[in-house]
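K.L.:
Please find one structure pasted underneath; my questions will follow.
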Amino acid sequence: MKTILLPTDFSSNAAKAAQYASQLFKNEACTFYIMHALELQASAPSTGVTSKRAYQAIHESRTKSTDSDLANALKQAQKSASSDKHTFKTKLVNGSLLESVMAITEDLKVDLVVIGNKGASAIQKATFGSNAAQLILKLSCPIIAVPETADASNLKEIGFATDFTIEKYGDGMNLLKEIAQTNKASISVVNVVNKSSGDVSGLDIKKRLLENALKPLSLNYFTLTDVSVEMGIHVFSESRKLGMLALITKKRTFFQKLTTRSHSKAISHNLDVPLIVFDQRRF
1 MKTILLPTDF SSNAAKAAQY ASQLFKNEAC TFYIMHALEL QASAPSTGVT SKRAYQAIHE
61 SRTKSTDSDL ANALKQAQKS ASSDKHTFKT KLVNGSLLES VMAITEDLKV DLVVIGNKGA
121 SAIQKATFGS NAAQLILKLS CPIIAVPETA DASNLKEIGF ATDFTIEKYG DGMNLLKEIA
181 QTNKASISVV NVVNKSSGDV SGLDIKKRLL ENALKPLSLN YFTLTDVSVE MGIHVFSESR
241 KLGMLALITK KRTFFQKLTT RSHSKAISHN LDVPLIVFDQ RRF
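Written as structure tokens, this is what we have:
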């Protein structure tokens, strides 16, 4: 039984992400938590009774409205569910989205967070400091950022971008393996090599480590040269018509290269693909 968290702002993008998550795990029993973080502005710097009552009234009004929105989101998710093995619940919390998601993933032992992104490109939104980008950089839990046009039924090939510097995987890649097996998708490993790339020693050993982590899947390897990481990933994704792109985050490395403003246009232009990110701390 998987536990999947679906942060929502009640937009069509969030609804699409919930539908995508259900479709992605259509053959597996899952509990989905549709959650909204209600972040209220601090009350005015006044100790007057009127000010306190006004703040309380605003809080109660917004809570009531949000409860209604969550109920509607729940109905919509249940209606678009891809399996009767899927259970949907709601969760309303007070606080910032980032802090709330981090707390809930720990409390509920969440296996995966799935969040929608506005616009055609999940990476495009990540490059401009979106909620998804904040969660990707802070969460140790795997996260999928889903563009509104994504369709899990078209998941035939998953791209896995790596610089082959990971020393061990443990069971950290099990989720990617499950997604590939459930959807009968192949995994294509891409490494972009340019002048700024570090020298990777023992490449054959690093490949075997990855292959062992993803057994019994067979992997296809691709190397791109003389191109920036950002453009290389973009070209690879477009040319292969990937259904998903997988990354591993670690301090001051791959994802941060993709999320700097100076490189945003190169990687994000028309790159319409869900982005699944794993944190090396879980390996």
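Just so we're aligned: the sequence shown equals residues 1 to 283 in UniProt numbering.
C-beta: ideal position from N, C-alpha, C; glycine also.
1. Name the DSSP beta bridge partners of Pro216, please?
2. Quick one: using the 10 Å Cβ neighbour count with 16 as the cut-off for buried, is Ala145 buried or exposed?
3. For Leu209 and chain D, any beta-carbon pair shorter than 8 angstroms?
4. Name the residue from Lys156, Ile248, Ser239 whose alpha carbon lies nearest to the alpha carbon of Thr182.
5. Is it buried or exposed, Ala71, if we count other Cβ atoms within 10 angstroms and call 16 or more buried?
6. Within the continuous beta strand (DSSP E) that includes Met35, where are the two ends?
7. Per DSSP, which residues does Tyr221 bridge with? Please list them.
8. Below 8 angstroms between beta carbons: does that hold for Leu219 and Lys168?
9. If you measure between the beta carbons of Gly116 and Ala246, is that distance less than 8 angstroms?
10. Distance, Cα to Cα, Gln280 vs Leu112?
11. Which residue's Cα is closest to the Cα of Ser239: Ser11, Lys138, Ser188, Leu203?
12. Ser82 and Ala37: beta carbons closer than 8 angstroms?
P.N.:
Walking through what the data contain:
1. Translated into positions along the sequence shown, residue 216 becomes position 216. According to DSSP, Pro216 bridges with nothing at all.
2. As a first step, residue 145 must be located in the sequence shown, where it is residue number 145. Buried, since its Cβ has 16 or more Cβ neighbours within 10 Å.
3. Here there is only one protein chain, and chain D is not present.
4. Locating residue 182 in the sequence shown gives position 182, where the first residue counts as 1. For the residues Lys156, Ile248, Ser239, the minimum Cα distance to Thr182 belongs to Lys156.
5. Sequence index remark: in the sequence shown, residue 71 carries index 71 (1-based). That one is exposed.
6. In the sequence shown, counting from the first residue as 1, residue 35 sits at position 35. That run of the beta strand (DSSP E) goes 30-38.
7. On the sequence shown, residue 221 is found 221 positions in, with the first residue counted as 1. Paired residue(s): Val189.
8. Translated into positions along the sequence shown, residue 219 becomes position 219. Translated into positions along the sequence shown, residue 168 becomes position 168. No, these two residues do not count as a Cβ contact at 8 angstroms.
9. Residue numbering aside, residue 116 sits at position 116 when the sequence shown is read from its first letter. Residue numbering aside, residue 246 sits at position 246 when the sequence shown is read from its first letter. In this structure, Ala246 does not lie closer than 8 angstroms to Gly116 by Cβ.
10. Sequence index remark: in the sequence shown, residue 280 carries index 280 (1-based). Sequence index remark: in the sequence shown, residue 112 carries index 112 (1-based). Roughly 15 angstroms separates the two Cα atoms.
11. Here the question's residue 239 lines up with position 239 in the sequence shown. Of the candidates Ser11, Lys138, Ser188, Leu203, the one whose C-alpha sits nearest the C-alpha of Ser239 is Ser188.
12. By one-based count along the sequence shown, residue 82 stands at place 82. By one-based count along the sequence shown, residue 37 stands at place 37. Result no, Cβ atoms of Ser82 and Ala37 do not sit closer than 8 angstroms.
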